[in-house]
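Asks:
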């Protein structure tokens, strides 16, 4: 069972096949969605997906993740197509990887065997720009690789886009473990020093209200950050385009506050990354207000909301004042049948624009009625940003009044006059 992907015969980039298991806890529709996301992750790291394999099992096979027959199908395909790597949608144990590699070697071939966590770690390594982010990623990589040194080694100091190279001999194994442990200790000390510095920086801005953008990866947080902060923030249609946190000082109605764009979340986010990115995620933990951005055009946006909320709860930030920001309403897949009650002009055309009709329709859904702080926008099209601004300002003012009861008399506050006019 699988889906063939189009590809050129000229091998210009690394190629992969994807493997997933449909279990009692994960139905076929979810498996297809997860594989599509895994293919997007692979593409983000520069890898071309050629084919995907799935198998129905009560749970993943303890020895080789999929059954022996299915693994043989996968190996035959990768040998026939000269594929560079196999990527599994779940985390593999060291013994599973060892057994899978052994089966591949029996067929006279060697290749990289990656799981979802290793692929995500590789993307973070490619995307990290600041010293802090690079240190966090390297720490997570070493912690991931340490228990797997019996079968693989990665030259972490010189990432080349590929992970999972064959390792040293057994005589060098103990030396490698010691080097890895020493490096982990060094990176932890380095992060602690960075944490102390960033804590001091955050402490100096403690008197300003802090607003953090959170959400699933690739939902448009960075684009929204650009519009709200009127700042140049990197945005791209790729997963984890933002790894480093971006903080901007913004002033609306004479009230300055801090707006932060943070790393996007994803299902099955490696625990090692959450732990390593503690200081980066502190921007979320210490925020006064969260803007939970959702891609409402995504077919499984409700599950993405649950994933983000689950991670926020894990971080201890799940009960913060939150505005649910449904983005990309311009891409929301609705037909005119939903607008039968909308007013028509004398020419038989809708009086409201499509964007206005979509907004009108969405405001009648349970997301609006059950969530008092919900806004429907298109950051790319600058639609309904004034409504979002007003909603955010209500919460900012409430918090600001707590910090500065006499803020109208504070001349240093009124010195900021960059008023926000998004539309």
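Residue numbers (the working numbering): 863 to 1285. Glycine is no exception: its CB is placed at the ideal position from the N, C-alpha and C atoms. Since the model is a prediction, treat every value here as computed from it, not as a measurement.
I need the straight-line Cα distance from residue 1048 to residue 998, nearest angstrom please.
Replies: Here residue 1048 corresponds to residue number 186 of the chain shown, with the count starting at 1. Here residue 998 corresponds to residue number 136 of the chain shown, with the count starting at 1. Approximately 12 Å between the Cα atoms of the pair.
Asks: Hey, quick one: how far does the alpha helix (DSSP H) through residue 956 stretch, first residue to last?
Replies: Taking the chain shown and counting its residues from 1, one reaches residue 956 at position 94. 956 to 968 is the extent of the alpha helix (DSSP H) around residue 956.
Asks: Could you tell me the distance, in whole angstroms, from the CA atom of residue 1009 to the CA atom of residue 1260?
Replies: In the chain shown, residue 1009 corresponds to position 147, counting from 1. In the chain shown, residue 1260 corresponds to position 398, counting from 1. Their Cα atoms are separated by approximately 49 Å.
Asks: Might you give, ordered along the chain, the residues of its own chain that have their beta carbon closer than 7 Å to the beta carbon of residue 940, omitting 5 neighbours on each side?
Replies: On the chain shown, residue 940 is found 78 positions in, with the first residue counted as 1. Excluding residues within five positions, the ones whose Cβ falls inside 7 Å are 879, 948, 973.
Asks: When the Cβ atoms of the segment 1157 to 1164 are set against those of the segment 1078 to 1090, are three or more pairs found closer than 8 Å?
Replies: Segments in contact, yes.
Asks: Count the other CB atoms, across all protein chains shown, that sit within 10 Å of the CB of residue 1041; report buried if there are 16 or more and exposed otherwise.
Replies: Position 179 of the chain shown, counting from 1, holds the residue named residue 1041. Exposed: under 16 other Cβ atoms inside 10 Å.
Asks: For residue 1129, which of 1188, 913, 900, 1235 has the nearest alpha-carbon?
Replies: Your numbering for residue 1129 matches position 267 in the chain shown. Selected option, being the one with the closest Cα: 900.
Asks: Since residue 1160 sits in a beta bridge, which residues does DSSP pair it with?
Replies: Reading the chain shown from its first residue, position 298 is the one you call residue 1160. Answer is none; residue 1160 lacks a bridge partner.
Asks: Per DSSP, what kind of secondary structure is residue 1215 in: helix, strand or coil?
Replies: Counting from one through the chain shown, the residue named residue 1215 turns up at place 353. Coil at residue 1215, not helix or strand.
Asks: Just verifying my parser: in three-state terms, what is the DSSP assignment at residue 986?
Replies: Here residue 986 is taken as the residue at index 124 of the chain shown, counted from 1. DSSP places residue 986 in helix when its eight states are reduced to three.
Asks: With burial defined as no fewer than 16 other Cβ atoms inside 10 Å of the residue's Cβ, what is the status of residue 1158: buried or exposed?
Replies: One-based indexing of the chain shown puts residue 1158 at position 296. So residue 1158 counts as buried.
Asks: Can you tell me whether residue 1091 is helix, strand or coil according to DSSP?
Replies: By 1-based counting over the chain shown, the position of residue 1091 is 229. Helix.
Asks: Do you know offhand how far residue 1243's Cα is from residue 906's?
Replies: Against the chain shown, residue 1243 aligns to sequence position 381. Against the chain shown, residue 906 aligns to sequence position 44. So the two alpha carbons sit approximately 25 Å from each other.
Asks: Spatial neighbours of residue 1235 within its chain, please: CB distance less than 7 Å, with the 5 preceding and 5 following residues excluded, ordered by chain position.
Replies: As a first step, residue 1235 must be located in the chain shown, where it is residue number 373. Excluding positions up to five away in sequence, the list reads 1184, 1185, 1186, 1253.
Asks: Output the boundary residues of the alpha helix (DSSP H) element that contains residue 940.
Replies: Residue numbering aside, residue 940 sits at position 78 when the chain shown is read from its first letter. Unbroken alpha helix (DSSP H) run through residue 940: 930 to 943.
Asks: Helix, strand or coil: which one does DSSP assign to residue 917?
Replies: Residue numbering aside, residue 917 sits at position 55 when the chain shown is read from its first letter. DSSP places residue 917 in strand when its eight states are reduced to three.
Asks: Mind checking who residue 910 pairs with in its DSSP beta bridge?
Replies: By 1-based counting over the chain shown, the position of residue 910 is 48. According to DSSP, residue 910 bridges with 877.
Asks: Taking the alpha-carbon positions, what's the residue 888 to residue 1181 distance?
Replies: As a working note, residue 888 is residue 26 in the chain shown. As a working note, residue 1181 is residue 319 in the chain shown. Spanning the two alpha carbons is a distance of roughly 28 Å.
Asks: Which same chain residues end up closer than 7 Å to residue 1069 when comparing Cβ atoms and leaving out the 5 residues on each side of it in sequence?
Replies: As a working note, residue 1069 is residue 207 in the chain shown. 1265.
Asks: Quick one: residues in its chain with C-beta nearer than 8 Å to the C-beta of residue 919, no 5 flanking neighbours on either side, listed in chain order?
Replies: The count along the chain shown starts at 1 and reaches residue 919 at position 57. Only 883, 884, 885, 928, 929 meet the Cβ criterion.
Asks: Nearest to residue 1188 by alpha carbon, out of 1222, 963, 1156, 897?
Replies: Indexing the chain shown from 1 puts residue 1188 at position 326. Residue 1188 has its Cα closest to that of 1156, out of 1222, 963, 1156, 897.
Asks: In the DSSP output, which residue or residues are listed as bridge partners for residue 947?
Replies: Counted from its first residue, the chain shown places residue 947 at position 85. The partner list for residue 947 (beta bridge, DSSP) reads 878, 974.
Asks: Looking only at its own chain, which residues have a Cβ that is under 6 Å from the Cβ of residue 1023, when we skip the five neighbours before and after it?
Replies: As a first step, residue 1023 must be located in the chain shown, where it is residue number 161. A caution first: residue 1023 carries a pLDDT of 38, below 50, which makes its placement in the model too unreliable to give a value.
Asks: Among the candidates 971, 977, 968, whose CA atom is the shortest distance from the CA of residue 958?
Replies: Translated into the one-based positions of the chain shown, residue 958 becomes position 96. Nearest option by C-alpha distance: 977.
Asks: Give the DSSP bridge partners of residue 1172, in chain order.
Replies: For this step, residue 1172 is matched to residue 310 along the chain shown. Bridge partners of residue 1172: none, in fact.
Asks: Tell me the DSSP secondary structure of residue 1146 in three-state form.
Replies: Stepping through the chain shown from its first residue, residue 1146 is reached at position 284. It is helical.
Asks: Taking 8 Å as the threshold (C-beta atoms), are residue 1074 and residue 993 in contact?
Replies: Looking up residue 993 in the chain shown gives position 131. Looking up residue 1074 in the chain shown gives position 212. The answer is no: Cβ separation not under 8 Å.
Asks: For residue 1123, report the span of its beta strand (DSSP E) as first-last.
Replies: One-based indexing of the chain shown puts residue 1123 at position 261. Element bounds for residue 1123: 1117 to 1123.
Asks: How big is the Cα-Cα spacing for residue 1262 and residue 1152?
Replies: Translated into positions along the chain shown, residue 1262 becomes position 400. Translated into positions along the chain shown, residue 1152 becomes position 290. In a straight line, the C-alpha of residue 1262 is about 15 Å away from that of residue 1152.
Asks: To the nearest angstrom, how far is it from the Cα of residue 1071 to the Cα of residue 1250?
Replies: Position 209 of the chain shown, counted from the start, is the residue given in the question as residue 1071. Position 388 of the chain shown, counted from the start, is the residue given in the question as residue 1250. Their Cα atoms are separated by approximately 17 Å.
Asks: Looking at residue 975 and residue 963, is the spacing between their C-beta atoms short of 8 Å?
Replies: Numbered from its first residue, the chain shown carries residue 963 at position 101. Numbered from its first residue, the chain shown carries residue 975 at position 113. Closer than 8 Å, so yes.
Asks: Within this structure, are the beta carbons of residue 982 and residue 1143 separated by less than 8 Å?
Replies: Here residue 982 refers to the residue found at position 120 when the chain shown is read from its first residue. Here residue 1143 refers to the residue found at position 281 when the chain shown is read from its first residue. For residue 982 and residue 1143, no; Cβs fall outside 8 Å.
Asks: Are residue 1174 and residue 1076 closer than 8 Å when you measure CB to CB?
Replies: Counting from 1 along the chain shown, the entry for residue 1174 is found at position 312. Counting from 1 along the chain shown, the entry for residue 1076 is found at position 214. In this structure, residue 1076 lies closer than 8 Å to residue 1174 by Cβ.
Asks: Using C-beta distances below 8 Å, list every residue in its chain close to residue 1039, excluding the 5 sequence neighbours before and after it, in chain order.
Replies: Along the chain shown, one-based indexing puts residue 1039 at 177. Here the set comprises 1008, 1011.
Asks: Return helix, strand or coil for residue 1153, following the three-state DSSP convention.
Replies: Here residue 1153 refers to the residue found at position 291 when the chain shown is read from its first residue. Note: residue 1153 maps to strand in three-state DSSP.
Asks: Does residue 1194 come out as helix, strand or coil in the three-state DSSP assignment?
Replies: As a first step, residue 1194 must be located in the chain shown, where it is residue number 332. Coil at residue 1194, not helix or strand.
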